[in-house]
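The sequence shown runs 1 to 360 under full-length UniProt numbering.
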Amino acid sequence: MLTGSRGISFILAIAIASLVMAFLSLIPSTSMTVLWGALILAFSISYLLINITLEFLVYREIGNIYNLLDKIQKKDLSEIQDKSIRSSSLSPLRKINSVINSYALARQREIETLQKNAEFRREFIADISHELKTPIFATQGYIHTLLDGAIDDKQVRMKFLKKAAKSLDSLDHLVQDLLTLNQMESGVIKFTFTEFDLKDLIQEVIEELEHKASKREVRIKLDVEHSKTYSTIADRQKIYRVCQNLIFNAVKYNHNGGEVIVGIKTSKNQIQVDVKDNGLGIPPEDLKRIFERFYRVEKSRSKEKGGTGLGLAIVKHILEGHKSKISVSSTVGKGSIFSFQLPLEKEKKVQEKEPTEAKA
Numbered sequence: 001m002l003t004g005s006r007g008i009s010f011i012l013a014i015a016i017a018s019l020v021m022a023f024l025s026l027i028p029s030t031s032m033t034v035l036w037g038a039l040i041l042a043f044s045i046s047y048l049l050i051n052i053t054l055e056f057l058v059y060r061e062i063g064n065i066y067n068l069l070d071k072i073q074k075k076d077l078s079e080i081q082d083k084s085i086r087s088s089s090l091s092p093l094r095k096i097n098s099v100i101n102s103y104a105l106a107r108q109r110e111i112e113t114l115q116k117n118a119e120f121r122r123e124f125i126a127d128i129s130h131e132l133k134t135p136i137f138a139t140q141g142y143i144h145t146l147l148d149g150a151i152d153d154k155q156v157r158m159k160f161l162k163k164a165a166k167s168l169d170s171l172d173h174l175v176q177d178l179l180t181l182n183q184m185e186s187g188v189i190k191f192t193f194t195e196f197d198l199k200d201l202i203q204e205v206i207e208e209l210e211h212k213a214s215k216r217e218v219r220i221k222l223d224v225e226h227s228k229t230y231s232t233i234a235d236r237q238k239i240y241r242v243c244q245n246l247i248f249n250a251v252k253y254n255h256n257g258g259e260v261i262v263g264i265k266t267s268k269n270q271i272q273v274d275v276k277d278n279g280l281g282i283p284p285e286d287l288k289r290i291f292e293r294f295y296r297v298e299k300s301r302s303k304e305k306g307g308t309g310l311g312l313a314i315v316k317h318i319l320e321g322h323k324s325k326i327s328v329s330s331t332v333g334k335g336s337i338f339s340f341q342l343p344l345e346k347e348k349k350v351q352e353k354e355p356t357e358a359k360a
């Protein structure tokens with residue numbers, strides 16, 4: 001009892017009251033009634049003040065600190081809340097409690113990040129195992145069939161060898177995309193920035209993909225001012241891959257007889273590229289995840305259409321390397337629009353005109 005707030009308050013209040021009574025007793029004119037009244041009054045006031053001070057500024061805060069440390073020890077950080085304390089707080093223990101609380105919240109965020117990373121790692125291993133398994137098993141099946149005797153039939157042999165080669169090509173594309181993505185994330189791949197006309201680059205991509213688009217009767221249209229130059233400074237090879245991936249996806253996930261419109265427009269300092277299709281569209285719940293590795297909106301249909309499932313993840317990293325980002329808007333059944341921006345290079349042309357005007 002004596003170690004609690006009431007016990008300590010009682011002892012200190014008696015001590016203070018005794019000192020007050022002793023001091024008043026030195027005055028000759030002080031009567032016993034006054035002395036006892038002063039003793040009771042000094043004891044009551046001292047007891048109340050000391051008890052309130054100990055209870056609210058010391059013991060309660062110590063109790064909070066103990067509960068917080070107990071939660072940290074038990075790793076139960078879910079109920080910890082962010083409590084900011086003013087620097088003018090009366091209790092230094094409350095400041096200590098605030099520091100410990102901040103540490104616990106930091107640990108909680110760290111644990112949540114580690115849990116998300118662990119979950120992502122599990123999903124990634126499962127996805128890559130599935131992606132690798134498909135071409136490997138297919139190739140094994142074709143080769144073992146040939147070894148079991150089908151190799152003697154020339155027609156069957158050529159057919160199975162072509163299918164095995166196609167599966168191995170798919171495996172090679174997957175491995176190359178994985179290596180590219182890993183090198184981008186680790187900063188191994190460097191960007192080589194040059195000046196080029198974005199309109200000409202996109203025209204090259206369209207010409208490359210026109211044959212694949214014609215098989216599904218999909219029309220690719222370039223919506224630009226043909227007399228205008230859309231000059232930018234970027235890594236031409238990587239931006240080519242961005243445009244190639246976006247336009248190819250717009251064709252692949254479009255319906256037969258659909259249309260893909262690639263628009264280029266400029267603002268004061270930016271060139272914006274929009275790749276629009278009128279195909280399947282993407283559900284709202286999938287929009288935030290389409291740039292993840294191996295994520296497919298419709299896995300069964302995507303498998304039939306081919307691809308490694310890494311294209312949009314590579315697009316995202318390439319544009320981040322250009323200090324840009326990819327954005328998407330989509331309506332199910334009506335189509336999607338993928339957009340990105342690059343800097344508009346026009347200062348050089350202005351500088352070239354100034355000397356000419358000066359000579360004139």
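We put the CB at the ideal spot given by N, CA and C, even for glycine.
Given the structure is predicted, the values throughout are model-derived calculations rather than measurements.
If residue i sits next to residue j, beta carbons under 8 Å apart, how far is it from one beta carbon to the other, in whole angstroms?
i, j, result
"residue 16", "residue 38", "Not quite, the Cβ-Cβ distance comes to about 11 Å (not below 8 Å), so this is no contact."
"residue 169", "residue 310", "Between residue 310 and residue 169 the Cβ distance is about 15 Å, and since that is not below 8 Å, they are no contact."
"residue 195", "residue 221", "With a Cβ gap of about 26 Å, residue 195 and residue 221 do not count as contacting."
"residue 344", "residue 270", "6 Å"
"residue 105", "residue 314", "With a Cβ gap of about 36 Å, residue 105 and residue 314 do not count as contacting."
"residue 247", "residue 275", "6 Å"
"residue 243", "residue 202", "5 Å"
"residue 8", "residue 54", "6 Å"
"residue 50", "residue 12", "5 Å"
"residue 238", "residue 318", "5 Å"
"residue 283", "residue 332", "6 Å"
"residue 205", "residue 230", "Not really, about 14 Å apart at Cβ, beyond 8 Å."
"residue 225", "residue 174", "That belief does not hold up - the Cβ atoms of residue 225 and residue 174 are roughly 39 Å apart, past 8 Å."
Once you ignore the five residues that flank residue i on each side, which residues in its own chain have a CB closer than 7 Å to its CB?
i, result
"residue 272", "265, 339 and 341"
"residue 35", "21, 24 and 25"
"residue 119", "none"
"residue 212", "251"
"residue 156", "150"
"residue 160", "142, 145, 146 and 150"
"residue 193", "233, 234 and 235"
"residue 4", "none"
"residue 209", "220, 247, 248 and 251"
"residue 6", "51"
Within a Cβ cutoff of 8 Å, which residues of the same chain sit near residue i, ignoring the five residues on either side of it in sequence?
i, result
"residue 354", "Here the model assigns residue 354 a pLDDT of 46, short of 50, so the residue's position is not dependable, and the following value carries that caveat. Cβ within range, chain order: n/a, list empty."
"residue 334", "278 and 281"
"residue 292", "313"
"residue 218", "251, 254, 256, 257, 258, 259 and 260"
"residue 129", "none"
"residue 289", "295"
Kindly identify the DSSP beta-bridge partner or partners of residue i.
i, result
"residue 342", "271"
"residue 234", "194"
"residue 330", "336"
"residue 265", "272"
"residue 221", "261"
"residue 277", "260"
Quick one: what's got a C-beta closer than 6 Å to residue i's C-beta in the same chain, skipping five residues either side?
i, result
"residue 321", "191"
"residue 261", "221, 223 and 276"
"residue 263", "223 and 274"
"residue 184", "317"
"residue 330", "281, 282 and 336"
"residue 171", "135"
Hey, is residue i's beta-carbon within less than 9 Å of any beta-carbon in chain C?
i, result
"residue 27", "Annotation note: the requested chain C is absent from the structure, which comprises a single protein chain."
* Can at least three beta-carbon pairs, one atom from the region 155-171 and one from the region 137-147, be found at a separation below 8 Å? -> Contact between the region 155-171 and the region 137-147 is present, because at least three Cβ pairs lie under 8 Å.
* Three or more C-beta pairs closer than 8 Å, one from the region 145-160 and one from the region 106-113: is that the case here? -> They do not touch, by the three-pair rule.
* Counting only runs of 4+ residues fully inside the region 109-197, write out the alpha helix (DSSP H) ranges in chain order. => Whole alpha helix (DSSP H) segments, 4+ residues: 154-186.
* Can you list, in chain order, the stretches of the alpha helix (DSSP H) that have 4 or more residues and sit fully within the region 14-62? -> Qualifying alpha helix (DSSP H) stretches, in chain order: 32-53.
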